[in-house]
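Colleague: In the working numbering, each residue carries its 1-based index in the sequence shown increased by 1401. Built from N, CA and C at the ideal position, the CB exists for glycine as well. First, the structure itself, so that you have it in front of you.
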Amino acid sequence: MPRRPQEEIFLLYMRIAAYGFRRHSTYRAAAIAGAFTNTVFGILRAYVLIALWEARPGLAGYDIADAVTFCFLSQAFIGPMQVFGGGLELSERVRTGDVAIDLIRPASLQMWSLADDLGRAAYLFLLRSLPPTVVGAALFGLVVPIDPATWAFFLASFVLGVIVSFGWRYLIALSACWIIDDRGVQSLSLVMTFFFSGMVLPLNLFPGWLGTVAGALPWSAMVQVPADVYLGKRDVLEALGFQSAWAVALLLLGALVTRSARRKVVVQGG
1402 MPRRPQEEIF
1412 LLYMRIAAYG
1422 FRRHSTYRAA
1432 AIAGAFTNTV
1442 FGILRAYVLI
1452 ALWEARPGLA
1462 GYDIADAVTF
1472 CFLSQAFIGP
1482 MQVFGGGLEL
1492 SERVRTGDVA
1502 IDLIRPASLQ
1512 MWSLADDLGR
1522 AAYLFLLRSL
1532 PPTVVGAALF
1542 GLVVPIDPAT
1552 WAFFLASFVL
1562 GVIVSFGWRY
1572 LIALSACWII
1582 DDRGVQSLSL
1592 VMTFFFSGMV
1602 LPLNLFPGWL
1612 GTVAGALPWS
1622 AMVQVPADVY
1632 LGKRDVLEAL
1642 GFQSAWAVAL
1652 LLLGALVTRS
1662 ARRKVVVQGG
């Protein structure tokens, strides 16, 4: 029985994701070095947070165990979520003109890039996320959910966080179609993501309107929300709905920008 077109498309993107996993697995030394760095900084951050929570017990609704767990979760998210930016070769391909080849493929440039990025995130989850978490659990004793449903919701939240991260990074990468040098945009994106995702401190600590605004921005869906789902500090349906809304919004905007970029490439001759 012949496969339907939808099945063919699904299998294509599954193969692209598998290719992305294999391709990034060739950079094993870099991933191991990243895991080591994340672990060291996680330990340093944990001691800072322990001192802070000992001085201010119950701060932001977390106890010390919650705060330390949040610390190592955020360290574990750095690789899969690409908190420091990058992870996509699209901007470089725009500068070299190779994006013209990508645009004539019989598949969506955006969905092709997303599938590849999901493969990358899966690989970095195994090699960069697990080691810091295991070390943190051994040294400090992290919070471990006992309800299987919490693990399922956390996995869903984690995947949505990766998709939101991709949606944002894809837009930043496509900015290379309109500006000669996108390094300034990339640097600004890094600062915004690092500060408003919850990497510096839990967003619950931000005062007043700043905390409200930070919690409503897409960057919070990458670190703060998945960590809160894991810790049971946030309503699951509200959290997943918030992440899904941002994922859809960024992907739709990415599709519109891709269409505009396609016309620009044609006008400029590649």
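Can you tell which of Tyr1448, Pro1458, Leu1519, Val1601 has its C-alpha closest to the C-alpha of Met1482?
Modeller: The closest CA to that of Met1482, considering only Tyr1448, Pro1458, Leu1519, Val1601, is found on Leu1519.
Colleague: Residues in the same chain with beta-carbon distance under 6 Å from Gln1669, minus the five sequence neighbours each way, listed in chain order, please.
Modeller: Its pLDDT being 42, under 50, Gln1669 is placed unreliably in this model, and the value from its coordinates should be taken loosely. Same-chain partners within the cutoff: there are none.
Colleague: Which of the three DSSP states is assigned to Val1484 in this structure?
Modeller: coil
Colleague: What are the boundary residues of the alpha helix (DSSP H) that Trp1454 is part of?
Modeller: 1429–1456
Colleague: Expressed to the nearest angstrom, what Euclidean distance is found between the alpha-carbon atoms of Ala1508 and Tyr1571?
Modeller: 16 Å
Colleague: Would you call the segment 1641–1654 in contact with the segment 1556–1575, where contact means no fewer than 3 C-beta pairs closer than 8 Å?
Modeller: yes
Colleague: Tell me whether the beta-carbon of Ala1622 lies closer than 8 Å to the beta-carbon of Leu1561.
Modeller: yes
Colleague: Let's see if you can read the secondary structure: which residues bound the alpha helix (DSSP H) around Trp1391?
Modeller: The structure shown does not extend to residue 1391, since the chain is modelled only from 1402 to 1671, so the question has no answer here.
Colleague: Assign Leu1657 to one of two classes, buried (16 or more other C-beta atoms within 10 Å of its C-beta) or exposed (fewer than that).
Modeller: exposed
Colleague: Helix, strand or coil, according to DSSP, for Val1469 in the structure here?
Modeller: helix
Colleague: I'd like the span of the alpha helix (DSSP H) that includes Val1614, first residue to last.
Modeller: From DSSP, the alpha helix (DSSP H) with Val1614 extends over 1609–1617.
Colleague: Nearest to Ala1553 by CA position, among Ala1418, Ala1456, Phe1422, Leu1638, is which residue?
Modeller: Leu1638
Colleague: Would Leu1510 be called buried (16 or more neighbouring beta carbons within 10 Å of its own) or exposed?
Modeller: buried
Colleague: Excluding the 5 residues preceding and the 5 following Phe1526 in the sequence, name in chain order all residues of the same chain whose CB lies nearer than 6 Å to its CB.
Modeller: Pro1481
Colleague: Buried or exposed: Ala1418, going by 16 or more other Cβ atoms within 10 Å of its Cβ?
Modeller: Looking at its Cβ environment, which holds 16 or more other Cβ atoms inside 10 Å, Ala1418 is buried.
Colleague: So the alpha helix (DSSP H) Arg1494 belongs to, where does it begin and stop?
Modeller: 1491–1497
Colleague: Excluding the 5 residues flanking Leu1460 on each side, which residues of the same chain have their C-beta closer than 8 Å to its C-beta?
Modeller: For Leu1460, same chain residues with a beta-carbon under 8 Å away, outside a window of 5 residues either side, are Leu1453, Trp1454, Ala1468, Leu1606 in chain order.
Colleague: Grab the span of the alpha helix (DSSP H) containing Phe1526 for me, first residue to last.
Modeller: Premise fails: Phe1526 is in no alpha helix (DSSP H) and is neither H nor E.
Colleague: Would Gln1476 and Gly1443 qualify as a contact pair, given that the criterion is a beta-carbon distance under 8 Å?
Modeller: Cβ atoms of Gln1476 and Gly1443: closer than 8 Å.
Colleague: Does the structure place the segment 1434–1448 close enough to the segment 1528–1548 that three or more beta carbon pairs sit under 8 Å?
Modeller: yes
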